[in-house]
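As structure tokens, the structure follows; a few thoughts come after it.
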Amino acid sequence: MTRQMIIGMHLGNGYGALAGAWRMPGVDPTSYTSFDAKVRQAQAAERGKLQFLFLPDGPSSVAADIEHEAPGFNLDVMMTLAAVARGTERIGMVATGSTTFNEPFNLARQFKALDIMSHGRAGWNAITSAGDDVAANYGVRIPSSADRYGRAHEVVQLVQALWGSWGKDAWVHDQASGQFARSAEVAPINLGGKYVASRGPLYIPPSEQGQPVIFHAGGASANALDLAGRYASAVIGAAFSIEDARAQRAAFRNAAERAGRDPDEIKFIAGLMTTIAGDKRAALDRRIILTERAFPQRAAYLQQMLGVRIDPARLDEPLSPQQLAAARPSPGDPRSGHALKIAREGWSLRDVLAHGVIDYQPVVAGPPIEVADHMQRWFEAEAADGFWVAPDVYHDGLDDFVDHVVPILQGRGLFHLDYAGTTLRDHLGAPAQYGLDHRIMR
Ligand SMILES: Cc1cc2nc3c(=O)[nH]c(=O)nc-3n(C[C@H](O)[C@H](O)[C@H](O)COP(=O)(O)O)c2cc1C
């Protein structure tokens with residue numbers, strides 16, 4: 001069988017990935033607190049046969065400008081997924097859970113309960129959290145990388161050990177004999193390390209996929225590589241070019257191999273933000289409406305990226321031939337080369353910004369075929385095993401992706417026509433695992 005891509009959908013604050021989404025025509029401005037809206041969005045992604053939903057989290061509701069913008073995250077990722085689990089049947093659901101600001105027993109219990117509730121569709125994005133704004137909610141400063149990742153290894157191992165502490169076949173629930181469970185197969189783990197400890201057992205039997213799948217989201221820092229290489233079945237990545245993505249994918253695969261795993265067990269999932277419209281002009285105009293508030297600040301940043309003076313009052317004009325000749329992409333920002341390429345195509349500076357050259361993920365703004373072409377190019381260059389897609393506005397951007405991009409990918413044989421299995425492990429092709437992965441234990 002030919003290799004096919006995995007697609008996940010970013011599920012955030014109820015509106016969409018762009019700051020202006022909450023004000024778009026047709027959008028319910030109270031979607032931030034609507035669990036029904038989240039369920040409808042998940043159902044749309046499931047209609048498109050997407051393998052999973054990805055819910056980022058601080059954990060906190062960070063809002064850059066609460067006066068004008070919605071916070072970026074869900075009210076509570078586990079509450080959202082509890083609602084989604086009851087309103088969908090096949091799509092996987094991956095929530096972010098901090099290894100720094102949670103106790104392993106809490107994580108083990110909540111994620112395994114979600115896995116049971118969803119019939120084996122849960123995934124845990126195990127991240128260490130970053131930023132003092134998050135740490136402040138817990139009354140501390142963000143720990144050093146060594147401490148965050150030291151604790152993360154212990155937390156993931158404890159969580160997996162707790163998941164395995166209720167033996168696979170322990171639950172007999174035999175009404176005739178009166179035996180509920182085989183007590184010898186439900187045993188304490190008695191594990192402790194430098195940072196965390198737990199006795200167990202966790203009184204939750206296996207789900208249809210045994211236990212949740214581990215994800216990791218992050219750049220390819222040495223510590224992140226080591227963590228993901230040992231435990232993650234998929235990495236939610238951020239890469240701005242095919243070359244960068246290929247390098248990151250290779251680094252994560254090597255890390256898995258170093259940990260004693262098959263490199264195909266770790267999937268690199270690249271990010272992609274979409275603005276879909278009938279043609280390029282309409283897509284750029286839509287992005288201008290959605291992001292224009294940030295243009296003065298972004299114009300100042302673009303000036304640094306290209307090394308030329310930009311007058312924020314003259315965004316209607318393209319860079320002059322003299323400016324283009326003098327422009328040099330900044331080595332300090334990997335997006336600069338792409339920004340210069342777009343500027344050289346002769347777009348006005350407003351349109352250059354509307355292309356999303358300063359967004360935190362690659363942006364495709366255009367007709368559905370451009371989105372499909374981008375995904376095919378990256379996939380065939382082995383820059384990614386799949387994509388996590390962040391539509392600009394869920395209200396219509398999600399349907400546009402599902403109804404117009406997915407069929408193109410399916411027609412090209414790049415994406416499955418339907419779910420082959422029922423669990424997240426099935427959707428990812430992740431091997432069975434229950435409890436700890438003994439190959440990687442030191
Ligand atoms: C695509 C992507 C998504 C991320 N999602 C989250 C998230 O939801 N929550 C979080 O705390 N950190 C998230 N991170 C941050 C990483 O977990 C990590 O902290 C960051 O890349 C800094 O790396 P370091 O922890 O190795 O220093 C994300 C990173 C990337 C690249």
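The numbers in the sequence shown follow UniProt numbering, run straight up by one, and end at 442.
For glycine and all other residues, C-beta sits at the position ideal for the given N, C-alpha and C.
The way I'd put it, the region 356-374 doesn't touch the region 25-32; fewer than three beta-carbon pairs between them come closer than 8 Å. The Cβ atoms of Ala-339 and Leu-290 lie no closer than 8 Å to each other. Nearest in C-alpha terms to Thr-99, of all of Gln-43, Phe-215, Arg-328, is Phe-215.
Chain order is used for the residues whose beta-carbon lies nearer than 7 Å to a heavy atom of ligand 1, namely Pro-56, Asp-57, Gly-58, Thr-96, Ser-98, Asn-125, Ile-127, Thr-128, Ser-129, Ala-130, Val-134, Ser-145, Arg-148, Ala-217, Gly-218, Gly-219, Ser-221, Asn-223, Ala-224, Ile-236, Gly-237, Ala-238, Gly-271. Rounded to whole angstroms, the separation of the alpha carbons of Asp-115 and Phe-180 is 21 Å.
Close CB contacts of Ala-130 within its chain, under the 7 Å cut and outside five residues either way in sequence, are with Ile-142 (chain order). Pairing Ala-354 with Ala-222, the inter-Cα distance amounts to about 34 Å. The closest CA to that of Tyr-15, considering only Leu-75, Gly-278, Val-140, is found on Leu-75. Here His-10 carries a strand assignment [DSSP, helix/strand/coil]. DSSP places Phe-52 in the strand class (E or B) of the three-state scheme. Looking at the DSSP output, Gln-179 shares a beta bridge with Asp-174.
Of Val-159, Pro-431, His-395, Gly-386, the smallest CA-CA separation from His-416 is found for Gly-386. If you check the CB distance, Leu-424 and Arg-121 come in under 8 Å. A check of alpha carbon separations from Glu-208 across Ala-432, His-438, Asp-437, Val-357 identifies Ala-432 as the nearest.
Taking 8 Å as the cut-off, the beta carbon of Val-213 is found no closer than this to the beta carbon of Gly-97.
Assignment of Trp-388 by DSSP, reduced to helix, strand and coil, places it in the strand class.
Non-local beta-carbon contacts of Ala-255 in its own chain, meaning distances under 7 Å to residues more than five positions away in sequence, involve Leu-225, Asp-226, Ala-228, Gly-229 in chain order. Between the alpha carbons of Gly-332 and Gly-192 lies a distance of about 42 Å. Rounded to whole angstroms, the separation of the alpha carbons of Arg-293 and Asp-65 is 11 Å.
Note on geometry: alpha-carbon atoms of Tyr-149 and Ala-220 lie some 13 Å from one another. Following the DSSP letters along the chain, one finds Phe-35 inside the alpha helix (DSSP H) bounded by residues 35-47. Per the coordinates, the alpha-carbon of Pro-312 lies some 25 Å from the alpha-carbon of Met-273.
Assignment of Val-156 by DSSP, reduced to helix, strand and coil, places it in the helix class. The residues Gly-167, Ala-170, in chain order, have a CB closer than 6 Å to that of Glu-185 in the same chain once the five nearest residues on each side in sequence are set aside. Going by C-alpha positions, Trp-347 is about 28 Å away from Glu-69.
Cβ-Cβ distances below 7 Å link Gln-41 to Leu-11, Tyr-394, Leu-398 in the same chain, with the five nearest sequence neighbours on each side left out; the list follows chain order.
Per DSSP, Thr-96 is one residue of the beta strand (DSSP E) stretching across 92-98. Judged by beta-carbon spacing, Trp-388 lies within the 8 Å limit of Gly-271, meaning their Cβ atoms are closer than that value. As for any alpha helix (DSSP H) of minimum length 4 sitting wholly inside the region 94-135, the runs are 104-117, ordered along the chain.
Annotated three-state conformation of Ile-440 is helix, per DSSP. A straight-line Cα-Cα distance of about 11 Å links Asp-351 and Ala-282. Separation of the CB atoms of Met-5 and Leu-414 is rounded to 6 Å, and the pair is thereby assigned contact status at 8 Å. Ser-145 has its alpha-carbon roughly 39 Å from the corresponding atom of Val-402.
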